[in-house]
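Structure, as structure tokens:
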Amino acid sequence: MSGEKTTEKHRQYPYHEIEAKWQRFWDENETYRTPNPAEAGFDASRPKFYVLDMFPYPSGDGLHVGHPEGYTATDIISRYRRKKGSNVLHPMGWDAFGLPAEQYAIKTGQHPRITTGRNVERFREQLKRLGFCYDWSREINTTDPEYFKWTQWIFLQIYNSYLDEETQKARPVAELEARGMSREEIDARRLAYVAEVQVNWCPGLGTVLANEEVLDGKSEVGGFPVERRPLRQWMLRITAYAERLIEELEGLDWPAGIKRHQREWIGRSEGADVRFPVAASTKHITVFTTRPDTLYGATYMVLAPEHPLVDEITTPEQRAAVEAYRAEVAMKSDLDRTALAKEKTGVPTGGMAINPVNGEHIPVWIADYVLISYGTGAIMAVPAHDERDFEFARQFGLPVRKVVEPPEGVTDECFLGDGVAIHSPIFDGQPTPEAKRKITAWLEGRGLGRKTIHYKLRDWLFARQRYWGEPFPIIWEDGRHYAVPEAELPVVPPELEDYQPTGTPEPPLAKAKEWVRYGEHAMRETNTMPQWAGSCWYYLRFIDAKNHTRLVGAEAERYWMGANPNPGGVDLYVGGTEHAVLHLLYARFWHKVLYDLGYVSTPEPFQKLVNQGLILGEDGQKMSKSRGNVINPDQVIEEYGADSLRLFEMFMGPLEQVKPWSTKGVEGVYRFLGRVWRLVHDENGDFSPKVRDAGPPAKLLRVLHETIRKVETDIDAMSFNTAIAQMMVCVNELTASEVRPVSVLAQFLHVLNPFAPHLTEELYQILTARFPVLPPGPLSGLAWPKFDPGYLIEDTMEIVVQVNGKVRDRLVVPVDIDAETLKAAVLASERVKELVNGKEIKKVVVVPKRLVNVVL
RNA sequence: GCCCGGGUGGCGAAACCGGCAGACGCAAAGGACUUAAAAUCCUUUUCCCGGCAACGGGAGUGCGGGUUCAAGUCCCGCCCCGGGCACCA
-18 MSGEKTTEKH RQYPYHEIEA KWQRFWDENE TYRTPNPAEA GFDASRPKFY VLDMFPYPSG
42 DGLHVGHPEG YTATDIISRY RRKKGSNVLH PMGWDAFGLP AEQYAIKTGQ HPRITTGRNV
102 ERFREQLKRL GFCYDWSREI NTTDPEYFKW TQWIFLQIYN SYLDEETQKA RPVAELEARG
162 MSREEIDARR LAYVAEVQVN WCPGLGTVLA NEEVLDGKSE VGGFPVERRP LRQWMLRITA
222 YAERLIEELE GLDWPAGIKR HQREWIGRSE GADVRFPVAA STKHITVFTT RPDTLYGATY
282 MVLAPEHPLV DEITTPEQRA AVEAYRAEVA MKSDLDRTAL AKEKTGVPTG GMAINPVNGE
342 HIPVWIADYV LISYGTGAIM AVPAHDERDF EFARQFGLPV RKVVEPPEGV TDECFLGDGV
402 AIHSPIFDGQ PTPEAKRKIT AWLEGRGLGR KTIHYKLRDW LFARQRYWGE PFPIIWEDGR
462 HYAVPEAELP VVPPELEDYQ PTGTPEPPLA KAKEWVRYGE HAMRETNTMP QWAGSCWYYL
522 RFIDAKNHTR LVGAEAERYW MGANPNPGGV DLYVGGTEHA VLHLLYARFW HKVLYDLGYV
582 STPEPFQKLV NQGLILGEDG QKMSKSRGNV INPDQVIEEY GADSLRLFEM FMGPLEQVKP
642 WSTKGVEGVY RFLGRVWRLV HDENGDFSPK VRDAGPPAKL LRVLHETIRK VETDIDAMSF
702 NTAIAQMMVC VNELTASEVR PVSVLAQFLH VLNPFAPHLT EELYQILTAR FPVLPPGPLS
762 GLAWPKFDPG YLIEDTMEIV VQVNGKVRDR LVVPVDIDAE TLKAAVLASE RVKELVNGKE
822 IKKVVVVPKR LVNVVL
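In the working numbering, the protein residues as written are -18 to 837.
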């Protein structure tokens, strides 16, 4: 950014001075501080509006142009709502735990707290330079002990709760204790529990990862290989909430795609568990199937290789083959086990199972296409009506038996749809849904099975072997876990000299021997929470960020989250699609637990969700350092000002859409702001003589009020690009006008203010200095102008005349013309008479206020 | 393979509930101002044909059909691009 470039470029207006001046003003006056109920300055008569941005991870690279996109949208809405008379809560904070800071610490030995602090400073500075109206008095940081104290506290609430089956609500485990339940029984029901599970161990990062953090067998962060191994881990019982997490999406105003995505992720599946006795044994294999009606078509069974019954079932002849196969599967990454591996593999165990409906003996195989983690880890294979089973049967020459007659005309070898049951004595001739019901009842009656629901959703692996995260408020003694007393929160991580992973699944915190030692025989838990933890509840902390006695004050929570009939508390939540599943699902889960326990007043956290679209580089490619197409917001602000950057990001296209950057486009909106400046200034930069306290002509009033109306509806619809287009129309009109009445200019500045707050404040101040009739600023504190439809009324309108659907003429007629008169006028017009030319008129369609179509 | 999102001028895009396709901006061209340039202001700009012109005619919203007085918009069948999921029984 050589000084040359910027000084040589013609300045449209002195944005540097203006922006710095107003940012200082806002800071010094705490213009955007929002009082809570019961605080000084709180006005209970106004409606509340909580607008939230997904808070950023303050990376070392600073802000990129993607951040200001959503942030500007919410800023406009916040400013607009305030001017329209709402109490607006619009906070910002930092999701600052996480790997990059820790990786940096490993490299440099510098404490992550230092780098995080530095990054936060930079981010805050950058956001302020964009002129966002955040209430900075509510700023939070997930790494601040005052904050994560409550993250740990919430964990303890989860730890100390179980799900009451009957009410489907979380209840304190103390109730189970009171009922005389044993410690083991209670531990087995806690919503936070320890289990030995197959985990994704990533040696490269020295940590275990959630399924969601593993992509194609590699870590999402860093792309290191990930292997499976069993480990004792903290888990959160999110599956207990599966049903509610699906059901309660209903009342939310979220994009349909995101709702669908969450539903699919949870993956509810209704069917039946069926017990197959193992031949020559007292054991049973329980399978889950969504097609119990195909029970007669089961020609073999498959267990997941990890299934506990495998050892027992395997015959001596098959043992070697089974062991070899299991070893082979254990080596495979998830990638190798998925559909990308074309050929199905498996081996027979030699064991046989008995089909409960007909007593038939069928062979039991193991194959890795059956997953231990879903359903019961075992299936009955019906190759005639399941593609995977069909493929497997083909591969190994297993029999295929058709038991569903497809509808007429369908000749698929493997038919998956609904039809009519055949070769199924108990319910032959029944349509599929009937057959399902009938066989399920039959099985239930004999104790051979029952109707069940399974979910794809797994419990949430909540532990990480990292340094830079929230320590668990847990103590181990004699192999048992206990909650750290609430009074001892927060549990602050120890200082370390060496952040290097241990190379084993033992977390780095274990190196701090003194810290780990809690008592004579007691040790601290050394795992830390995943990065998701802090973001699961941050929207609550914003409401009452300084509360020392509660995670959020009850009254403030009720006011900002409640106060409307919707299930969700935050009125508008804007962020990227990358959080469609994980963050939004986890936050909903925590929120529901807190709701059940009575700490929050709504069942859902976020009422309305909007995803902003990705901004691509100027070349239409994803921005990346390697492509060299990254746009730096600091530089854009330097060259065009923050108002231009804000305006351009909103003018590029619809918020939700993916769209490419354009430097020429920034120049375009920059010129527009220059034109706004010149509405008030002449070419020498002096106050323009065209600005006068004059009665505005009807033409200007019309365009002004059209603009007020359009900008209102467009902001409500978050259609910022079209709002800006209309403001451009308005400015073009004002520019062309020889007289620019100050009343019109002032109202226009109100309308532009949420989009370009700095420039409009400055111009308004200039106007008020000359015209004391105007109410004194700042503009942001004054009410939005009132739209008056009266100014839009015209007495004539233009009607399009079509002949056979083609535009052939236009007619100017009085607006109050009736259909008959209009029709007559059209038929009488020269052009129509000419085109009709004696032909028969079949029909005349009159669309009031729009057009008349003469059909020949 | 499946599920989303999207295909409209040279480019970003707009178009209420089916009613003038291309608002607004960019780029381009011409003009005014200027010694000159930049900046600014004004004008033109979907494509093709005819005309000196005002204008007139035709085509046109990824492709092919359909419904309708009228389709970018609704229905059926495809093609292409972007994103996500991926043996969940």
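Ideal Cβ positions, reconstructed from N, Cα and C, are used throughout, including at glycine.
Using the Cβ count rule (16 or more neighbours within 10 Å means buried), how would you classify residue i?
i           : result
residue 529 : exposed
residue 342 : exposed
residue 729 : buried
residue -11 : At residue -11, the pLDDT of 42 sits below 50, so the modelled position is not reliable and the matter cannot be decided from this model.
residue 118 : exposed
residue 21  : exposed
residue 222 : buried
residue 301 : exposed
residue 93  : buried
residue 161 : exposed
residue 59  : buried
residue 180 : buried
residue 26  : exposed
Helix, strand or coil: which one does DSSP assign to residue i?
i           : result
residue 295 : coil
residue 86  : helix
residue 182 : strand
residue 658 : helix
residue 100 : helix
residue 214 : strand
residue 79  : coil
residue 471 : coil
residue 437 : coil
residue -14 : Unreliable placement is indicated for residue -14, whose pLDDT of 36 sits below 50; no coordinate value is reported for it.
residue 691 : helix
residue 904 : For the chain, the structure presents residues -18 to 837; residue 904 sits outside this window and is missing.
residue 346 : strand
residue 324 : coil
residue 426 : helix
residue 464 : strand
residue 360 : strand
residue 824 : strand
residue 30  : strand
Leaving aside the five residues before and after residue i along the sequence, list all residues of the same chain whose C-beta is less than 8 Å from its C-beta, in chain order.
i           : result
residue 692 : 704, 707, 708 and 732
residue 54  : 555, 591, 593, 631, 636, 699 and 701
residue 688 : 707, 708, 710, 711, 729 and 732
residue 397 : 366, 367 and 368
residue 205 : 183, 184, 185, 186 and 199
residue -13 : Annotation note: pLDDT 38 at residue -13 (below 50); position unreliable, coordinate value reported separately. Excluding residues within five positions, the ones whose Cβ falls inside 8 Å are 619 and 620.
Starting from the C-beta of residue i, find all residues in its chain whose C-beta is less than 7 Å away, skip the five residues before and the five after it, and write them out in chain order.
i           : result
residue 830 : 778
residue 130 : 470 and 471
residue 479 : 492
residue 746 : 758
residue 685 : 711, 725, 728 and 729
residue 303 : 291, 295, 328, 330 and 347
residue 236 : 590 and 592
In chain order, what residues of the same chain have a beta carbon less than 6 Å from the beta carbon of residue i, not counting five sequence neighbours either side?
i           : result
residue 825 : 804 and 835
residue 587 : 549, 551 and 554
My assumption, with CB atoms under 8 Å, is that residue i sits in contact with residue j. Please give the rounded CB distance.
i           : j           : result
residue 597 : residue 628 : At roughly 19 Å, the Cβ-Cβ gap does not stay under 8 Å, so residue 597 and residue 628 are not in contact.
residue 924 : residue 187 : A question about residue 924 goes unanswered here, because the residues of the chain that appear run from -18 up to 837.
residue 220 : residue 436 : 6 Å
For this session: Count the C-beta pairs between the region 252 to 268 and the region 429 to 440 that are closer than 8 Å, then say yes if the count reaches three, no if not.
Result: yes
Exercise. Taking contact to mean at least 3 C-beta pairs separated by less than 8 Å, is the region 676 to 692 in contact with the region 729 to 749?
Worked result: yes
Exercise. Do three or more CB pairs link the region 268 to 287 to the region 388 to 405 at distances below 8 Å?
Worked result: With a cut-off of 8 Å, the region 388 to 405 and the region 268 to 287 count as touching, because enough Cβ pairs lie within range.
For this session: Taking 8 Å as the threshold, find out whether the region 287 to 303 comes into contact with the region 324 to 331 through three or more Cβ pairs.
Result: yes
For this session: Could you say if the region 141 to 156 and the region 442 to 461 meet the contact criterion of at least three C-beta pairs nearer than 8 Å?
Result: no
For this session: Indicate whether the contact test is met: 3 or more Cβ pairs, each with one atom in the region 490 to 505 and one in the region 523 to 540, closer than 8 Å.
Result: no
Exercise. Given 8 Å as the limit, is there contact between the region 601 to 617 and the region 169 to 183, that is, 3 or more CB pairs closer than that?
Worked result: Flag = no, the region 601 to 617 and the region 169 to 183 do not touch.
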